[in-house]
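Residue numbers (my numbering): 1 to 343.
Put into structure tokens, the structure is as follows:
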């Protein structure tokens, strides 16, 4: 007996090769085939936080599939186990499944996810909402070799302490330090209309009274002020765009950090001490002494290792989490505008 299946769509991402690890750094778009499924097939899917994607390992040669036992990943240090006791690609029907975070559902049959372990062009057979009730019932048991295999499958080089591997941290810092010192670029402008909402805009209006027009800085207030009013020295939050892209695992997730302005500029204390003024577009802002630190939401979105890296001694020295500022000259700023020190 044989069955014939037709893909409902295909994966689009930047990973062209079947590298086994670090999949949480991969953001994917699933482009549905609207000749196979109706555009309403994803209605209400966004009510769920995660989805289960069923796909085909189409790059695996059907003649080379394993029908018996083998060493996982060909590693003879691990025991030889049956193909049904591992999640290898070269399984009899070449079917893969993955529960991943649902980032967006867009018109035109586009589903955006994070952490889907499928490469660019992979045929998608089905998408299902993930429900907690379909999770494991009872205690989970698995052999030591499988935990070793999976140690960096999702997140790279994080030590048991929850800290980035030293080599990775050094490489990330080196990338951030490539940002220009005096004149850089406004890479992303993000408004927060309400709590947990993000709106990326091409053009932003900076106002003396409300900061970024359309942002909830003033309406949200602050628990750090006696009367609960907005923190006056935190009207705007700026984060280095290189740093944000590294901790977010891609430009698509940068907005989740919660800052309004992501800039390619050296934000370190030595380069931009409090009182420094920056011109961007037709506006001018001033760096304040208010510290900008990662919150619980930042940790939940990007991981404890990222939180500890940006808030460590070196992270604070370079203001990796970002800086706070206030508007001193109202004006308009656009993505791609220059941001530079005012002498």
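Where is the CB? At the ideal position from N, CA and C, for every residue including glycine.
Cα-Cα separation between residue i and residue j, rounded to whole angstroms
{"i": "residue 300", "j": "residue 340", "result": "33 angstroms"}
{"i": "residue 38", "j": "residue 9", "result": "12 angstroms"}
{"i": "residue 248", "j": "residue 241", "result": "10 angstroms"}
{"i": "residue 159", "j": "residue 221", "result": "Reliability fails at residue 159, whose pLDDT of 48 lies under 50, so the model's placement of it is uncertain and the value that follows must be treated cautiously. Straight-line Cα distance between these residues: approximately 37 angstroms."}
{"i": "residue 286", "j": "residue 164", "result": "32 angstroms"}
{"i": "residue 322", "j": "residue 309", "result": "13 angstroms"}
{"i": "residue 48", "j": "residue 42", "result": "11 angstroms"}
{"i": "residue 316", "j": "residue 303", "result": "18 angstroms"}
{"i": "residue 17", "j": "residue 228", "result": "51 angstroms"}
{"i": "residue 343", "j": "residue 273", "result": "13 angstroms"}
{"i": "residue 336", "j": "residue 174", "result": "23 angstroms"}
{"i": "residue 32", "j": "residue 183", "result": "42 angstroms"}
{"i": "residue 314", "j": "residue 166", "result": "12 angstroms"}
{"i": "residue 3", "j": "residue 264", "result": "52 angstroms"}
{"i": "residue 118", "j": "residue 11", "result": "7 angstroms"}
{"i": "residue 13", "j": "residue 275", "result": "42 angstroms"}
{"i": "residue 62", "j": "residue 81", "result": "20 angstroms"}
{"i": "residue 236", "j": "residue 120", "result": "37 angstroms"}
{"i": "residue 210", "j": "residue 230", "result": "10 angstroms"}
{"i": "residue 168", "j": "residue 223", "result": "35 angstroms"}
{"i": "residue 346", "j": "residue 124", "result": "Absent from the structure is residue 346, since the part of the chain shown begins at 1 and ends at 343."}
{"i": "residue 65", "j": "residue 1", "result": "19 angstroms"}
{"i": "residue 186", "j": "residue 15", "result": "27 angstroms"}
{"i": "residue 226", "j": "residue 332", "result": "32 angstroms"}
{"i": "residue 83", "j": "residue 307", "result": "38 angstroms"}
{"i": "residue 232", "j": "residue 218", "result": "9 angstroms"}
{"i": "residue 179", "j": "residue 128", "result": "42 angstroms"}
{"i": "residue 170", "j": "residue 269", "result": "19 angstroms"}
Residues near residue i by beta carbon distance below 8 angstroms, same chain, minus five either side
{"i": "residue 104", "result": "46, 110, 111, 112"}
{"i": "residue 347", "result": "Here the chain has residues from 1 to 343 only, and residue 347 is not among them."}
{"i": "residue 78", "result": "71, 72, 145, 148, 149"}
{"i": "residue 97", "result": "52, 53, 54, 55"}
{"i": "residue 60", "result": "89, 90, 94"}
Closest Cα partner of residue i within the set the options
{"i": "residue 305", "options": "17, 196, 246", "result": "246"}
{"i": "residue 267", "options": "318, 225, 303, 4", "result": "318"}
{"i": "residue 130", "options": "242, 310, 227, 44", "result": "44"}
{"i": "residue 277", "options": "243, 329, 122", "result": "329"}
{"i": "residue 239", "options": "302, 128, 320", "result": "320"}
{"i": "residue 68", "options": "78, 85, 54", "result": "85"}
{"i": "residue 99", "options": "81, 126, 88", "result": "126"}
{"i": "residue 88", "options": "208, 185, 57", "result": "57"}
{"i": "residue 102", "options": "51, 128, 12", "result": "51"}
{"i": "residue 19", "options": "279, 244, 154", "result": "154"}
{"i": "residue 55", "options": "279, 225, 122, 78", "result": "122"}
{"i": "residue 115", "options": "60, 21, 195, 40", "result": "21"}
{"i": "residue 334", "options": "230, 314, 283", "result": "283"}
{"i": "residue 311", "options": "293, 298, 209, 254", "result": "293"}
{"i": "residue 338", "options": "331, 280, 326, 251", "result": "280"}
{"i": "residue 196", "options": "167, 297, 119", "result": "297"}
{"i": "residue 34", "options": "176, 170, 107, 223", "result": "107"}
{"i": "residue 188", "options": "253, 64, 218, 170", "result": "253"}
{"i": "residue 24", "options": "232, 60, 225, 151", "result": "151"}
Cβ shell of residue i (< 6 angstroms), same chain only, five flanking positions each side left out
{"i": "residue 234", "result": "290, 324"}
{"i": "residue 271", "result": "181"}
{"i": "residue 344", "result": "The requested residue 344 is not part of the displayed model; the chain covers only 1 to 343."}
{"i": "residue 208", "result": "327, 330"}
{"i": "residue 176", "result": "240, 242, 243"}
{"i": "residue 251", "result": "245"}
{"i": "residue 255", "result": "190, 198, 200"}
Beta-carbon proximity list for residue i, same chain, < 7 angstroms, skipping 5 on both sides
{"i": "residue 6", "result": "36"}
For this session: Please go through the segment 152-213 and give each complete alpha helix (DSSP H) segment of 4 or more residues, from N-terminal end onward.
Result: 166-176
Exercise. Any contact of the segment 89-97 with the segment 23-36, i.e. 3+ C-beta pairs under 8 angstroms?
Worked result: no
Exercise. Which ranges would you report for the beta strand (DSSP E) in the segment 263-324 if only whole runs of at least 3 residues count?
Worked result: 277-280, 283-287
For this session: Decide if the segment 248-260 is in contact with the segment 190-205; the criterion is three or more beta carbon pairs, one per stretch, under 8 angstroms apart.
Result: They touch, by the three-pair rule.
Exercise. Touch check for the segment 119-139 and the segment 66-78: three-plus C-beta pairs under 8 angstroms?
Worked result: no
Exercise. Within the chosen definition, does the segment 137-152 reach the segment 209-221 through at least 3 CB pairs nearer than 8 angstroms?
Worked result: no
For this session: Could you name each continuous alpha helix (DSSP H) segment of 4 residues or more that falls completely within the segment 49-107, going from the start of the chain to the end?
Result: none
Exercise. Where are the alpha helix (DSSP H) runs, 4 residues long or more, that stay fully inside the segment 225-256, in chain order?
Worked result: For the segment 225-256, whole alpha helix (DSSP H) runs of length 4 or above, ordered along the chain, are 241-248.
Exercise. Quick one: complete beta strand (DSSP E) runs, 3+ long, within the segment 2-38?
Worked result: 9-12, 27-32
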